[in-house]
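Residue numbers (our numbering), protein chains in the order written: chain A, 18 to 243; chain B, 52 to 418.
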């Protein structure tokens with residue numbers, strides 16, 4: 018029996034997996050750490066759909082799942098995929114702001130040491146760091162029914178908000194379907210309520226996953242197999 | 052006759068005790084280009100970590116690069132955000148001067164910026180030039196490749212530049228300024244000076260509004276006196292090192308030949324710089340202009356277009372700069388905390404990723 022959905026992503030996939038279980042969806046998960054996504058180790062594969070150059074332990078994830086899918090590619094029209102990768106804002110937002118660079122007027126005016134950076138610069142900065150991720154998502158989308166899910170917005174740091182919004186707009190502009198959990202769970206201008214987060218303060222917990230998957234079902238973005 | 056010549060030679064006079072560098076034969080002709088010594092000795096004994104801010108015309112860019120290459124402290128008050136792509140940062144004119152002023156060619160431009168940065172003039176006063184739905188900052192029309200998306204953003208970026216420029220005055224030990232041109236353009240009604248003639252790089256030329264100026268010695272001297280006065284009002288200890296760019300004019304709007312216009316321009320700037328250095332212990336003059344343009348070089352440091360300075364010329368100038376610079380006084384500051392913060396953030400990110408890797412592998416734990 019085929020799963021209802023495959024979750025393909027990074028460390029934020031766990032919460033989505035728990036959310037699927039909470040809603041009775043049969044889900045499978047393939048998860049690689051952000052380092053592997055950034056290292057361009059995850060690639061499109063003509064046979065497997067998705068592949069990772071090494072290590073073998075992680076390649077096993079893919080081969081095992083293919084067996085469960087009856088030999089199908091991970092990316093097939095039969096099983097929709099939730100993509101949870103490509104943002105990884107924590108990897109560059111703190112560095113971007115290290116010397117006081119800000120992207121919003123309010124922050125610039127609040128801190129006399131800050132330096133304003135234009136939106137054109139931000140756009141090039143982010144696309145330079147994330148083009149390979151978005152390109153990969155587009156390749157996946159050509160082979161399966163892909164919905165990208167943004168990570169929990171656990172910070173109210175304004176630069177983070179700018180990058181987050183830019184990533185959403187960019188992915189949508191290139192034709193990807195993107196679900197923004199924070200549009201439903203977060204009040205405007207606020208960070209996600211800590212009760213939705215694990216102790217690390219970054220990753221969503223089971224409650225968060227359940228809310229996200231519930232909203233996605235309600236909005237018709239995923240559904241149980243007939 | 053021969054006896055009186057000998058007598059004149061040996062009689063004491065002001066020239067008889069001068070060092071060899073004071074005479075053309077020994078200082079230049081016999082020394083040759085590569086034997087030139089003692090061209091410049093800094094007036095100041097600077098701390099080893101002295102912060103150098105650099106601004107001015109194109110040639111000033113070489114000074115910042117040389118400072119960095121020598122491990123001295125080039126003060127970059129408006130750097131590109133960390134992890135920026137080097138090419139992107141360059142296209143947006145980051146890391147060129149100590150703030151994103153772009154080229155400051157004239158003394159009038161420097162004065163205008165100092166007045167804005169010190170709050171004498173309103174930051175939103177200088178024009179913004181609309182262009183295809185975007186906006187150019189008339190103070191630095193090419194600072195962003197495509198201009199700004201809105202008037203508001205252009206003004207915020209200008210405010211950031213002025214904030215950083217002010218920090219270069221208040222927080223640097225040495226403010227290096229390379230004088231480039233005497234020729235410039237102004238708005239006849241408002242008096243605003245422009246870095247380039249409107250209608251060339253950006254903007255639109257209006258013969259009713261835009262007027263050519265060829266600033267003379269008194270204009271330049273007055274502008275620099277005012278600018279330095281304001282700067283010392285913010286930082287009385289600031290040392291100002293002047294240089295004159297040896298790069299000839301690309302074009303002159305004076306009506307004369309570009310060669311004579313170049314000579315006028317450089318001679319005037321050289322004279323003002325020398326007099327300012329002679330008048331105040333906080334001002335010094337470094338002779339980059341003479342090193343490149345003087346007779347010993349026989350124009351050999353210019354590229355075939357006889358305008359651009361070849362890298363060998365830049366290196367030669369900087370050799371003399373560092374030979375005369377004295378940074379032997381004790382350091383003023385501790386290590387930069389920013390580097391430590393960057394290392395900490397990188398380590399945190401790395402640790403987070405390691406945890407994630409381990410979580411992935413745990414799935415294969417059969418026990």
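Glycine included, each C-beta is placed from N, C-alpha and C at the ideal position.
For clarity, every value in this text was computed on a predicted model and none was experimentally measured.
1. Helix, strand or coil: how does DSSP classify residue 291(B) here?
2. May I have the straight-line CA-CA distance separating residue 127(B) from residue 226(B), to the nearest angstrom?
3. Does residue 456(B) come out as helix, strand or coil in the three-state DSSP assignment?
4. Could you spell out the range, first to last residue, of the beta strand (DSSP E) harbouring residue 23(A)?
5. Determine the closest residue to residue 71(B) out of 90(B), 61(B), 63(B), 62(B), with distance taken between C-alpha atoms.
6. Is DSSP giving residue 335(B) helix, strand or coil here?
7. Just tell me which of 111(B), 360(B), 135(B) has its CA closest to the CA of residue 145(A).
8. Check the Cβ of residue 208(B) against every Cβ in chain A and list those closer than 7 Å, keeping chain order.
9. According to the Cβ coordinates, are residue 256(B) and residue 248(B) closer than 8 Å?
10. Cα separation between residue 305(B) and residue 262(B)?
11. Can you name the start and end residues of the alpha helix (DSSP H) that residue 165(A) belongs to?
12. Please report the straight-line C-alpha distance between residue 35(A) and residue 77(A), rounded to a whole angstrom.
13. Would you please verify whether the beta carbon of residue 391(B) is less than 8 Å from any beta carbon of chain A?
14. Taking C-beta pairs closer than 7 Å, name the residues in chain A that residue 195(B) reaches, listed in chain order.
15. Specify the secondary structure class of residue 211(B) as computed by DSSP and reduced to three states.
16. Quick one: residues in its chain with C-beta nearer than 7 Å to the C-beta of residue 327(B), no 5 flanking neighbours on either side, listed in chain order?
17. Which runs of the beta strand (DSSP E), 3 residues or longer, sit entirely within the region 101–158 of chain B?
18. Taking Cβ-Cβ distances shorter than 8 Å, what residues in chain A pair up with residue 129(B)?
19. Can you list the residues of chain B that residue 122(A) reaches, using a CB-CB cut of under 8 Å?
20. Please identify, using Cβ separations under 7 Å, the residues of the region 132–155 of chain B that lie next to chain A, in order along the chain.
21. Using a Cβ cut-off of 8 Å, pull out every chain B residue sitting near residue 116(A), in sequence order please.
22. Can you name the start and end residues of the beta strand (DSSP E) that residue 196(A) belongs to?
23. If you drop the 5 nearest sequence neighbours on each side, which residues of the same chain put their C-beta closer than 8 Å to that of residue 196(A)?
24. So, with DSSP's three-state summary, where would you put residue 160(A)?
25. Determine the direct distance from the alpha carbon of residue 124(A) to that of residue 175(A), and round the result to whole angstroms.
26. From the beta carbon of residue 199(B), is the nearest beta carbon of chain A less than 8 Å away?
27. In three-state DSSP terms, what is residue 305(B)?
28. Looking only at its own chain, which residues have a Cβ that is under 8 Å from the Cβ of residue 416(B), when we skip the five neighbours before and after it?
29. Under the assumption that residue 48(B) contacts residue 319(B) (Cβ atoms under 8 Å), give the Cβ distance between them as a whole number of angstroms.
30. Report the residue from 181(B), 217(B), 228(B) whose alpha carbon sits nearest the alpha carbon of residue 171(B).
31. Are the region 208–222 of chain A and the region 152–160 of chain A in contact at 8 Å, needing three or more beta carbon pairs?
32. How long is the line joining the alpha carbons of residue 75(A) and residue 26(A), rounded to whole angstroms?
33. From the beta carbon of residue 56(A), is the nearest beta carbon of chain B less than 8 Å away?
34. Check residue 66(B) in the structure and name its three-state DSSP category.
35. Check whether the Cβ atoms of residue 40(A) and residue 227(A) lie closer than 8 Å to each other.
36. So with CB distances below 8 Å, who are the chain A contacts of residue 215(B)?
Quick look at the numbers:
1. Along the second chain, one-based indexing puts residue 291(B) at 240. Strand, per DSSP.
2. Locating residue 127(B) in the second chain gives position 76, counting from the first residue. Locating residue 226(B) in the second chain gives position 175, counting from the first residue. So the alpha carbons of these two residues sit roughly 12 Å apart.
3. A query on residue 456(B) cannot be resolved here, the shown segment of chain B reaching from 52 to 418 and no further.
4. Here the question's residue 23(A) lines up with position 6 in the first chain. Segment 22–26, the beta strand (DSSP E) holding residue 23(A).
5. Residue mapping note: residue 71(B) aligns to position 20 of the second chain, counting from 1. Checking every option, the nearest Cα to that of residue 71(B) belongs to 90(B).
6. On the second chain, residue 335(B) is found 284 positions in, with the first residue counted as 1. Strand.
7. Position 128 of the first chain, counting from 1, holds the residue named residue 145(A). With distances taken between Cα atoms, residue 145(A) lies closest to 135(B).
8. The sequence position of residue 208(B) within the second chain is 157, counting from 1. When 7 Å is used as the limit between beta carbons, residue 208(B) is near these residues of chain A: 133, 135, in chain order.
9. Within the second chain, residue 256(B) is the residue found at index 205, counting from 1. Within the second chain, residue 248(B) is the residue found at index 197, counting from 1. A contact, by the Cβ cut-off of 8 Å.
10. Against the second chain, residue 305(B) aligns to sequence position 254. Against the second chain, residue 262(B) aligns to sequence position 211. Going from the Cα of residue 305(B) to the Cα of residue 262(B) covers about 12 Å.
11. The residue you call residue 165(A) lines up with position 148 of the first chain. Element bounds for residue 165(A): not the alpha helix (DSSP H) but the beta strand (DSSP E), 163–166.
12. Stepping through the first chain from its first residue, residue 35(A) is reached at position 18. Stepping through the first chain from its first residue, residue 77(A) is reached at position 60. Looking at the two C-alpha atoms, the distance is approximately 22 Å.
13. Along the second chain, read from residue 1 onward, the residue named residue 391(B) stands at position 340. With 8 Å as the cut-off, residue 391(B) does not count as an interface residue toward chain A.
14. The residue labelled residue 195(B) in the question sits at position 144 within the second chain. Residues of chain A passing the Cβ test: 135, 137.
15. One-based indexing of the second chain puts residue 211(B) at position 160. Residue state, collapsed to three classes: helix.
16. On the second chain, residue 327(B) is found 276 positions in, with the first residue counted as 1. For residue 327(B), where only same-chain residues beyond five positions count, the Cβ hits under 7 Å are 275, 293, 334.
17. Taking only runs of at least 3 residues, the beta strand (DSSP E) segments lying wholly in the region 101–158 of chain B are 102–107.
18. By 1-based counting over the second chain, the position of residue 129(B) is 78. Correct list: 132.
19. Within the first chain, residue 122(A) is the residue found at index 105, counting from 1. 203, 207, listed in chain order.
20. 132, 133, 134, 135, 136, 139, 143
21. Counted from its first residue, the first chain places residue 116(A) at position 99. Chain B residues near residue 116(A): 130, 132, 133, 389.
22. Position 179 of the first chain, counted from the first residue, corresponds to residue 196(A). 194–196 is the span of the beta strand (DSSP E), which, as asked, contains residue 196(A).
23. Locating residue 196(A) in the first chain gives position 179, counting from the first residue. Once the five neighbours on either side are set aside, the close Cβ partners of residue 196(A) are 164, 165, 166, 167, 229, 232, 233, 236, 238.
24. In the first chain, the residue the question calls residue 160(A) occupies position 143. In the structure shown, residue 160(A) sits in a helix (DSSP, three-state: H, G or I).
25. On the first chain, residue 175(A) is found 158 positions in, with the first residue counted as 1. On the first chain, residue 124(A) is found 107 positions in, with the first residue counted as 1. Going by the C-alpha atoms only, they are around 7 Å apart.
26. Within the second chain, numbered from 1, the residue matching residue 199(B) stands at position 148. With 8 Å as the cut-off, residue 199(B) counts as an interface residue toward chain A.
27. Start at 1 with the first residue of the second chain, and residue 305(B) comes out as number 254. Annotated three-state conformation of residue 305(B) is coil, per DSSP.
28. What you label residue 416(B) is simply residue 365 of the second chain in a count that begins at 1. Low local confidence applies: a pLDDT of 45 at residue 416(B) is under 50, so the model's placement there is unreliable, and no value is given.
29. The structure shown does not extend to residue 48(B), since chain B spans only 52 to 418, so no value can be given for it.
30. On the second chain, position 120 is the one that residue 171(B) refers to. Here the closest residue by C-alpha is 217(B).
31. no
32. As a working note, residue 75(A) is residue 58 in the first chain. As a working note, residue 26(A) is residue 9 in the first chain. Distance between the alpha carbons of residue 75(A) and residue 26(A): 13 Å.
33. The residue labelled residue 56(A) in the question sits at position 39 within the first chain. It does not: the Cβ of residue 56(A) has no partner Cβ on chain B nearer than 8 Å.
34. The residue given as residue 66(B) occupies position 15 in the second chain. Three-state result, residue 66(B): coil.
35. For the purposes of this step, residue 40(A) is identified with residue 23 of the first chain, where counting begins at 1. For the purposes of this step, residue 227(A) is identified with residue 210 of the first chain, where counting begins at 1. A contact, by the Cβ cut-off of 8 Å.
36. For the purposes of this step, residue 215(B) is taken as the residue at position 164 of the second chain. Per Cβ cutoff of 8 Å: 132.
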